[in-house]
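Written out as structure tokens, the structure reads:
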């Protein structure tokens, strides 16, 4: 992994926009977010072709799912169908909420360049240097994680062909009226699956990167708000006059409201994605266990499962950390000398404390929180499923 650059706060500076411009230009998706495209028509054609390939893969997977002749084939098809369904859901979400995603990206970028009072700017500069480096690290990990699936999945069959001259695709499906020993069938299957997985990886990288970016920046913005309140309150009457306190308190409250609005918007647009990712990981863990028990060489299924489960673990950790920071802001305010302020400012801070204590975590469709508890519950349920499968598959050995 490349070394993390030393981000400098020069105007205009926006590492988030630079990153998203790079990844969206590469895959032909920049028109969706409103960046200036080189060729709008070309971007749209690429998106339509990739969408068609993904739908074609889903059709193959659906037919194979219905025609599964054994529990091993059924497990493989469930894994692929759930992953393809998740990718289609992500693509629809990206298209439906493109303006909201653009708003989140711009909000994260504006945190670096927005003009604020010079007496608290040093707090922001130090915090967001660390924030930019952390976001850069997570985004590259997300990018490399999903892009690594493509060579793993499509290199293994080539070695098998060189080893025993068997023509195979990663996931051979039956296409009606086309014989399995017909070589163009394998070529068509191989290319269509490669395109489908590439498109799935691209849309997944984008939406996961936006979620990671939002979670980390919201957390650091809350750190900045906390630090600003401590400076304002503790230096009231010495460094700051009454009129200055009121002006700076308004700035801090506006920043807090912005964070709450961003979390609310994120809960709306990421709700279905978080739910789909939880369900997909549940199916991946359980049915990959079945495949590995039957076919010990199924390395690509294990790779797909590990990457997606690790991503869900990342999100759960960041989501839990953000929720903790939202509620912990009230503790930071309480530990200052807020009681030395005027009654008007005391009431203002009390309202902030009350609002912080009533914060809600990001949720999936209202019933699965993006938290470590939900992630551990998912692992627990998956383990129970694997234990049940172990008993069913090897029932004869236990008798």
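Residue numbers (my numbering): 7 to 405. Cβ atoms here follow ideal geometry from the backbone N, Cα and C, with glycine treated the same way. From a predicted model like this one, the values you see are computed outputs, not experimental measurements.
Cβ separation of residue i and residue j, assumed to be a contact under 8 Å, to the nearest whole Å
i: residue 384; j: residue 287; result: 6 Å
i: residue 395; j: residue 279; result: Contact flag wrong, Cβ pair sits at about 28 Å.
i: residue 226; j: residue 320; result: The pair is not a contact, with the Cβ atoms about 16 Å apart (cut-off 8 Å).
i: residue 237; j: residue 126; result: 6 Å
i: residue 139; j: residue 293; result: Incorrect: roughly 38 Å between the Cβ atoms, too far for contact.
i: residue 324; j: residue 222; result: 7 Å
i: residue 148; j: residue 215; result: 5 Å
i: residue 261; j: residue 351; result: Contact flag wrong, Cβ pair sits at about 16 Å.
i: residue 283; j: residue 92; result: 7 Å
i: residue 152; j: residue 313; result: 6 Å
i: residue 5; j: residue 326; result: Look at the range of the chain in this structure, 7 to 405, and you will see that residue 5 is not part of it.
Per-residue DSSP class, three states only, for residue i
i: residue 156; result: helix
i: residue 123; result: coil
i: residue 97; result: helix
i: residue 138; result: helix
i: residue 281; result: helix
i: residue 347; result: coil
i: residue 105; result: helix
i: residue 132; result: helix
i: residue 250; result: helix
i: residue 365; result: coil
i: residue 308; result: helix
i: residue 387; result: helix
i: residue 341; result: coil
i: residue 398; result: helix
Exposure of residue i, with buried meaning 16 or more beta-carbon neighbours within 10 Å
i: residue 130; result: buried
i: residue 107; result: buried
i: residue 398; result: exposed
i: residue 232; result: buried
i: residue 345; result: exposed
i: residue 357; result: exposed
i: residue 388; result: buried
i: residue 239; result: buried
i: residue 137; result: buried
i: residue 340; result: exposed
i: residue 128; result: exposed
i: residue 90; result: buried
i: residue 30; result: In this predicted model, residue 30 has a pLDDT of only 49, less than 50, meaning its place in the structure is not dependable enough to derive any value.
i: residue 3; result: Outside the displayed span of the chain (7 to 405) sits residue 3, for which this structure offers no information.
i: residue 219; result: buried
i: residue 124; result: exposed
i: residue 141; result: buried
i: residue 175; result: Bear in mind that a pLDDT of 49 at residue 175, under 50, signals an unreliable position, so the number given afterwards is only what the model happens to contain. Answer is buried; the Cβ neighbour count reaches 16.
i: residue 111; result: buried
i: residue 150; result: exposed
i: residue 265; result: buried
i: residue 390; result: exposed
i: residue 272; result: buried
i: residue 343; result: exposed
i: residue 360; result: exposed
i: residue 317; result: buried
i: residue 253; result: exposed
i: residue 229; result: buried
i: residue 337; result: exposed
i: residue 373; result: exposed
i: residue 263; result: exposed
Residues that DSSP places opposite residue i in a beta bridge
i: residue 374; result: 370
Check: residue i C-beta below 8 Å from any heavy atom of the ligand GTP
i: residue 230; result: The model on display carries no ligand, and the ligand GTP is accordingly not part of it.
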